[in-house]
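Quick notes on the structure that follows.
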Amino acid sequence: MAFDDLRFPQPEDIPPAPNGELGAPVLFQLGRRPQRINGTNRADRLKGTNKSDRILARGSNDTVKALGGNDLVSGGAGNDVLRGGNGGDQLVGGVGDDRLFGQAGDDVLIGGLGNDTLAGGGKNMYVFNSLNEGIDTILGFRANL
Numbered sequence: 001m002a003f004d005d006l007r008f009p010q011p012e013d014i015p016p017a018p019n020g021e022l023g024a025p026v027l028f029q030l031g032r033r034p035q036r037i038n039g040t041n042r043a044d045r046l047k048g049t050n051k052s053d054r055i056l057a058r059g060s061n062d063t064v065k066a067l068g069g070n071d072l073v074s075g076g077a078g079n080d081v082l083r084g085g086n087g088g089d090q091l092v093g094g095v096g097d098d099r100l101f102g103q104a105g106d107d108v109l110i111g112g113l114g115n116d117t118l119a120g121g122g123k124n125m126y127v128f129n130s131l132n133e134g135i136d137t138i139l140g141f142r143a144n145l
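In structure tokens form, the structure reads like this:
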């Protein structure tokens with residue numbers, strides 16, 4: 001049995017699994033309250049709420065859309081696509097060639113290890129912890145000189 005998409009209106013609707021994970025790549029669409037969600041080690045599509053959420057995608061090649069609120073989104077390992085929303089979000093790519101899109105709001109974008117693409121939308125902060133993290137591309141950047 002395989003699932004392409006699973007949609008749960010509320011987090012309490014997610015069925016339990018013996019090992020703590022769902023067995024297939026899934027789409028989580030959360031309810032209207034602030035949420036905390038952990039993805040699986042497979043390629044997930046995760047969507048937050050208009051509140052301040054904490055979304056941890058974990059392993060594989062994930063796609064995350066945070067929506068409104070001041071969200072913390074972590075991609076983990078894999079080549080992830082992370083999209084912020086209208087709030088001041090913190091997007092952390094992790095290990096892999098990630099694409100981070102801050103959208104509106106004053107965001108913090110941290111690509112992590114790998115060759116990442118970072119695109120802001122408001123007054124953003126781009127964080128690079130080491131010269132050895134990879135070759136990153138910043139889109140839509142204007143320097144105040």
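In UniProt numbering, the protein residues as written are 1 to 145.
Backbone N, C-alpha and C define an ideal beta-carbon position, used for all residues, glycine too.
**OP:** Run the proximity test for residue 135: is its beta-carbon closer than 8 Å to any non-hydrogen atom belonging to the ligand ADP?
**Re:** Ligands displayed in this structure: none; no statement on the ligand ADP is therefore possible.
Original post:
In the DSSP assignment, what residue or residues form a beta bridge with residue 117?
Top reply: Your numbering for residue 117 matches position 117 in the sequence shown. Per DSSP, the beta bridge partners of residue 117 are 99 and 137.
Subject >> Buried/exposed call for residue 127, threshold 16 Cβ in 10 Å >> reply: For the purposes of this step, residue 127 is taken as residue 127 along the sequence shown, with counting starting at 1. The C-beta of residue 127 has fewer than 16 other C-beta atoms within 10 Å across all chains shown, which makes the residue exposed.
Original post:
Does the distance from the C-beta atom of residue 150 to that of residue 79 stay below 9 Å?
Top reply: Absent from the model: residue 150. The displayed extent of the chain is 1 to 145, so no value can be given.
Subject >> Own chain partners of residue 121 with C-beta closer than 6 Å, once the 5 adjacent residues on each side are dropped >> reply: The residue given as residue 121 occupies position 121 in the sequence shown. The beta carbon of residue 121 lies closer than 6 Å to those of 102, 103 and 104 in the same chain, with the five residues before and after it left out.
Original post:
Given that a residue counts as buried once 16 or more other Cβ atoms are within 10 Å of its Cβ, and exposed if not, what is residue 74?
Top reply: The sequence position of residue 74 within the sequence shown is 74, counting from 1. By the neighbour-count criterion, in which a residue is buried when 16 or more other Cβ atoms sit within 10 angstroms of its Cβ, residue 74 is buried.
Original post:
Based on the DSSP output, what are the partners of residue 74 in its beta bridges?
Top reply: Position 74 of the sequence shown, counted from the first residue, corresponds to residue 74. Residue 74 pairs with 56 and 92.
**OP:** With distances taken Cα to Cα, identify the nearest neighbour of residue 71 among 82, 87, 64 and 59.
**Re:** Within the sequence shown, residue 71 is the residue found at index 71, counting from 1. Residue 87 is the option with its Cα nearest to residue 71.
Original post:
Do you know offhand how far residue 109's Cα is from residue 99's?
Top reply: For this step, residue 109 is matched to residue 109 along the sequence shown. For this step, residue 99 is matched to residue 99 along the sequence shown. If you draw a straight line from the Cα of residue 109 to the Cα of residue 99, it is about 10 Å long.
Original post:
What does DSSP give as the partner residues of residue 123 in its beta bridges?
Top reply: Numbered from its first residue, the sequence shown carries residue 123 at position 123. According to DSSP, residue 123 bridges with nothing at all.
Subject >> Cut-off 8 Å between Cβ atoms - residues of its own chain near residue 113, not counting five sequence neighbours on either side >> reply: Mapped onto the sequence shown, residue 113 falls at position 113. Only 94, 95, 96, 133 and 134 meet the Cβ criterion.
Original post:
Is the CB-CB distance between residue 65 and residue 91 below 9 Å?
Top reply: Numbered from its first residue, the sequence shown carries residue 65 at position 65. Numbered from its first residue, the sequence shown carries residue 91 at position 91. For residue 65 and residue 91, no; Cβs fall outside 9 Å.
**OP:** Within its chain, find whatever has a CB closer than 8 Å to the CB of residue 41; leave out the 5 residues flanking it on each side and keep chain order.
**Re:** If you number the sequence shown from 1, residue 41 lands on position 41. Closer than 8 Å at the Cβ level, and outside the excluded window around residue 41, lie 21, 58, 59 and 60.
Original post:
Looking at the unbroken beta strand (DSSP E) that takes in residue 63, where does it start and where does it end?
Top reply: For the purposes of this step, residue 63 is taken as the residue at position 63 of the sequence shown. Secondary structure note for residue 63: its beta strand (DSSP E) is the uninterrupted segment 63-65.
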